[in-house]
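Visitor: All letters in the sequence shown, in the order written, are residues -26 to -1, 1 to 783 by mature numbering (1 follows the signal peptide of the UniProt record, and there is no 0).
Ideal Cβ placement from N, Cα and C applies to all residues, glycine included.
Fair warning: this is a prediction, and the values are worked out from it, not measured in the lab.
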Amino acid sequence: MMTMMMMVVATMVTCSSLFLLGLAAAHVSSSTVTRTSSSASSSSSSSSSSSSSTSPRMKLSYKELQQFHGVRRFELERSCCFSALLLDEERGRLFVGAKNFLLSLSLDNIAKQEHKIYWPAPVDWREECNWAGKDITSDCVNYVKIVHHYNRTHLYACGTGAFHPTCAFVEVGHRMEDHVFRIDPSEVEDGKGKSPYDPRHNAASVLVGNCDELYAGVATDLMGRDFTIFRSLGKRPSIRTEQHDSRWLNEPKFVGSFWVPESENPDDDKVFFFFRETAVEAQGLGKSTYSRIGQLCRNDMGGQRSLVNKWTTFLKTRLICSVPGADGSDTYFDELRDVFLLQTRDRKNPLVYTVFSTSSSVFKGSAVCLYSMNDIRRAFLGPFAHKEGPNYQWVPFQGKVPYPRPGMCPSKTFGSFESTKGFPDDVIQFARHHPLMYNPVYPMSRRPIFIRTNVDYSFTQIAVDRVNAADGQYDVMFIGTDKGTVLKVISVPKESWNNMEELLLEELEVFKNKACFKCFSLLALFSQQQLYVGSDTGLAQIPLHRCSVYGKACAECCLARDPYCAWDGTSCTRYLPNTKRRFRRQDVRNGDPNTLCSGDHHKHRIAEKKLYGVEGSSTFLECVPKSLQARITWTFQKHPQNRREEVRLDDRILQTDRGLLIRRVLKRDIGIYQCHAMEHGFTQTLLGITLELVPSTPSFVSNLPSDAPVRLDPRSGGGPPMTNQKLWYRDFMQLVDHPNLNTVDQICEQVWARRNTGGDQVGKDIAPLRPAVRPPNKKWKHLQEIRKGRNRRTHDGKPNPRAPRSAGE
Ligand SMILES: *[C@@H]1O[C@H](CO)[C@@H](O)[C@H](O)[C@H]1NC(C)=O
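#1: Can you pull the DSSP bridge partners for L410?
#2: For the beta strand (DSSP E) holding W233, just list the boundary residues, first then last.
#3: Among the residues of its own chain, which have a CB less than 6 Å from the CB of T659, if the five just before and after it don't count?
#4: Express the C-alpha separation of Q269 and D82 in angstroms, rounding to a whole number.
#5: Apply the 10 Å Cβ neighbour rule to K738 and answer buried if 16 or more other Cβ atoms are within range, or exposed otherwise.
#6: Exposed or buried, which one is P683 when buried takes at least 16 other CB atoms within 10 Å?
#7: Could you have a look at C271 and say whether DSSP puts it in helix, strand or coil?
#8: For M32, which of helix, strand or coil comes out of DSSP?
#9: Return yes when at least one heavy atom of ligand 1 lies under 7 Å from the C-beta of Y416, else no.
#10: Could you spell out where the alpha helix (DSSP H) holding P467 opens and where it closes?
#11: Is the segment 441 to 458 touching the segment 400 to 408 in the sense that three or more CB pairs, one from each, lie closer than 8 Å?
#12: Below 8 Å, how does it come out for the segment 461 to 479 and the segment 432 to 451: are there three or more Cβ pairs, yes or no?
#13: Could you check what DSSP says for W105 in three-state terms: helix, strand or coil?
#14: For M707, count neighbouring C-beta atoms within 10 Å of its own C-beta (all shown protein chains included) and say buried if the count is 16 or more, exposed if not.
#15: Can you tell me whether T140 sits near ligand 1, meaning its C-beta is under 7 Å from at least one heavy atom of the ligand?
#16: Just to confirm before moving on: does the CB-CB distance between L207 and L188 stay below 8 Å?
#17: Around the C-beta of R100, are 16 or more other C-beta atoms found within 10 angstroms, so that it is buried, or is it exposed?
#18: Return helix, strand or coil for W99, following the three-state DSSP convention.
#19: Which first and last residues belong to the alpha helix (DSSP H) in which I350 is found?
#20: Helix, strand or coil: how does DSSP classify I402 here?
#21: Taking only three categories from DSSP, how would you classify P567?
#22: On the premise that F249 lies in contact with P226, defined as a C-beta separation below 8 Å, what is that separation, rounded to the nearest angstrom?
#23: Could you check if R406 belongs to the surroundings of ligand 1, using beta carbon to heavy atom distance under 7 Å?
#24: Can you grab the Cα-Cα spacing for the pair D624 / R638, in whole Å?
#25: Are the beta-carbon atoms of W285 and T215 separated by less than 8 Å?
#26: Within its chain, find whatever has a CB closer than 6 Å to the CB of A604; leave out the 5 residues flanking it on each side and keep chain order.
#27: Would you check whether ligand 1 has a heavy atom nearer than 7 Å to the C-beta of residue 789?
#28: Is it buried or exposed, M275, if we count other Cβ atoms within 10 angstroms and call 16 or more buried?
#29: If you pair each beta-carbon of the segment 41 to 53 with each one of the segment 601 to 617, do three or more pairs fall below 8 Å?
#30: Under the assumption that V329 contacts F433 (Cβ atoms under 8 Å), give the Cβ distance between them as a whole number of angstroms.
#31: Could you check if N176 is buried or exposed, using at least 16 other CB atoms within 10 Å of its CB as the buried criterion?
#32: Please report the straight-line C-alpha distance between L715 and R65, rounded to a whole angstrom.
#33: Identify which residue in E309, A359, F354, Y377 has its Cα closest to the Cα of V369.
#34: By Cβ distance below 6 Å, which residues in the same chain neighbour S15 in space, the five residues on each side in sequence not counted?
#35: With respect to 7 Å, is the separation between the Cβ of T127 and the closest non-hydrogen atom of ligand 1 below this value?
#36: Tell me the rounded alpha-carbon separation between G633 and I91.
Following this line, the structure appears as C-alpha cells:
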C-alpha cells in the first residue's frame, strides 16, 4: 500500500565555494503523516522521564514578529508549496521552487525584487495525469521540488511535471547585475530518477563534484513503488540500487543527502543518504519504521558481471535516537524528519544534527539527536547483518568477509583496486546480499540533546548555527515544527560536557495557519543572520536574534543567555566577538547577573505606577514578566521607610499569571507593592505599584444590594451566598480574562456596563443598580461621570459639576 506520508524533502548541499560561504540547506516536509503501527522497539510507550515540559523563555506571536521584529514575507497568487530553497550569497539571491514557479528573491528582503519563471506542466501531460486518476488541480501540475547550483551560470531544477518528472537548466548569469533568470526550452530534460512523480513524495538529492553528478533518493515510477538511489548527470555512468529487493530499500522516505569527503583523496569521497523505511530486520514483529543512514562511493562504477549499473558500495544502518523509559526499556523516536550537517574546521567530520518524531500513537514526542561521522564510519566498519534463510534471525555475520571489504571505495588510500568493475565476484555477491550493517549508530552521549513531549506539535526541520560567544562556542538550533513555529534552542554544559542543560530561548510563531492540512515549515540558515522559512502558503524571512526584546537592563540581557546577544553598557545588542567594547557583558553558560551586572552604572530604573482601589471592591495589580520562565513574587511595604514583606496570599489576595488580584480592597492594603521576577536564581524588581484607596461611604455600603463587592466573599457573612458566589466568580474571571483592566475605573466601568446591559439571569439581583433606581451614592455617581466622559452617547446630559473627586486627584 502506498503510504500517505506527505513529507517531501529536498536537501541541498551545493558544490564548490558556495558551501563554504554559507550554510545552505533547504528542507520541506509536510506534517500529515499516517502512523504506521507501533514498532516493536518503541512498544514501551511509557512517557520518558527526561521528557521536558518547560516553556520557552520568550514566545513571540505572529503579530509581534510582524510588527516589531522585521519579519518579511513573500506570497504568490495561484502558487503554493514553497518547498525547495537554495541560497546564493554571491548573487544575493534566494532561489525557490514552488507550484508552477521558480523564483529568485533578494536575500536582503524576500518581499522585494522578485524574479519569477512560470513553469507549468504541458497540457497533454496534465491530461494524461488526469486520465491516470489524479486530481487535475492539486496533482496534475508542476511542483518544483529540486533546485541545485549546477555551474557558474546555471542552476539545475526539477519538478513533478504533472506526474511526469522534468528537469531544466536555469540560466542565472555570472553576476547579480546580469539580471538573467530563464529556462531555455531546449535545455529541458527527463526528470525520472531525479524528481518525484507525486507531489506528496519524498526526495532527497545532492549535486556534487564539478557540479555535475546528481544523487537522488526518489521513486522512479508513477505508482510510487519502485524507490531508488540514483546517480545521473556528469560523466560517470548512471547507477541505481538493486530493484525489488527489500533488503536494499523497503518503502523508504528520503530525508536528506550529503557529500562528505573521507580523506584528502577524492576517490574516497562518499555520499550519504538519510531516510526512514520499513525495517526488514524487524519483520515478524509487525511493521516497524527504522531511521537509516546509507552510504555509497562517489567513484562507484557498478559491477562487471553482476550488479551492472548498480551500486557495489551501498551500505546502510540504523540511526538510533531514544531515551531510557521509566520501566528500563528504551523509548524510540523512530521517524527521522530532517538532517543538518554542521561543518566544522575539518571538512571530513561535520556534525550530524537530526530531528526525529515518534510513530507511536501512545507516546508522542520529538527529539534532536546529534551524531558524529566517526560513529557513523565505525558502524559501517562493524559486522554485517546476516540472515541465513527465511526462518532465521538476523545475526552479525561471523564468516570471512571478502576483500576488498564491501563499502570501501576503490582507491589508492585503502587498497589497490582502480574501479568497482575490477572487484572480485565474491565481493560483489557479498555486497548484494549484505547491504545492512548489524550495529546501529547511537547519538553522541547516547541520548537526544533536546526533547519535547506532550506538546501539540512535532519537529520537522532543523538548521544549526555555530556561534562564538564570550564564554565559548554554542550551536544554536533552529527547529521548525508542523505548527508553523520555529524554536531557538541551545544546549549548555552544566558541570561537565556530559551534563547538558537545554535552553529553549524563543518560540516564534512564523506562520499562523496552525490547522493547515499540509503545512511544512522549512529552514535555511545564513551567515547574514537571517532565517528563511517556507510553508505551503508562503515564505518568511526572520532575523536570527532580537536582542532588544530581552529588556532594557543588564540583568535581563544576561538572563536571556542568548549567544547572539550581549550587554554593551547601555542596551542588549548583537554580540560580535572581534569588536572590543569596554562594557560588554555576556555569560551564556551561567547567566548570572550578580557577577555580570554588578557595578553596572547604567542602573536600571524600576517602573513606578499608581493605582486606585475602591474600598471593598476588587482591584488588579498587573505585572507580566518578559520571560515566561520567571517566577513572580510580590512584596509590600506600608510606607517607603517600612520593611518590605512578602505579600501574603489567601482567598482575598490571589496571584495570577498576569498579576495580583485583590478581591476586596481594605484600608490596610494601601501601600507600595513591588513585583519581582525570579529566574535562574536571580531576582530583579520589575515594577512598583503604589495602591491608594478611594473610600466608600458607609451609606454606600448599607444601600448596596446583595451583590455588593464587600460581601462577595461568602465567608464574610451576610448576603445570599449562592448568587454572590456566582457573581464573585464572574468578577474574578473578568479580571483574569481582561488583564488590561488595570485601573479601578476601568474595572468598575466594566462591572457597571455589565450591570446596565443586564436583564440576564441575575437581573433581579441587580435591579436596584439600574440607572432609574440608582442609589444616591457619591461614588457611583463619580464612576458614572467617568463613564459618561468616555461614552458621549449617554443620553442624560452633562457631567455633574459637583461630582466628587477621587482621593487621588
Ligand atoms: C553551464 O551549463 C549549461 C548547461 O549545460 C551550459 O549551457 C553553460 O555553458 C555552462 N556554463 C559554464 C560557465 O560552463
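Guide: In this structure, then:
#1: K290
#2: 227 to 234
#3: I580, Q648, H650
#4: 37 Å
#5: The predicted position of K738 is uncertain, since its pLDDT is 38 and thus under 50; no value can be drawn from it.
#6: Any reading at P683 needs caution, since the residue's pLDDT is 43, under 50, leaving its predicted position unreliable; the model's value is listed next. It is buried - the Cβ of P683 has at least 16 other Cβ atoms within 10 Å.
#7: strand
#8: strand
#9: no
#10: No alpha helix (DSSP H) contains P467, which is instead part of the beta strand (DSSP E) from 459 to 467.
#11: no
#12: yes
#13: helix
#14: Here the model assigns M707 a pLDDT of 43, short of 50, so the residue's position is not dependable, and the following value carries that caveat. Counting Cβ neighbours within 10 Å, M707 comes out exposed, since fewer than 16 surround it.
#15: no
#16: yes
#17: buried
#18: helix
#19: 347 to 355
#20: helix
#21: helix
#22: 4 Å
#23: no
#24: 12 Å
#25: yes
#26: A651, E653
#27: Residue numbering for the chain in the displayed model covers -26 to 783; residue 789 lies beyond these limits and cannot be assessed.
#28: buried
#29: no
#30: 4 Å
#31: buried
#32: At L715, the pLDDT of 41 sits below 50, so the modelled position is not reliable and the matter cannot be decided from this model.
#33: A359
#34: The predicted position of S15 is uncertain, since its pLDDT is 34 and thus under 50; no value can be drawn from it.
#35: yes
#36: 54 Å
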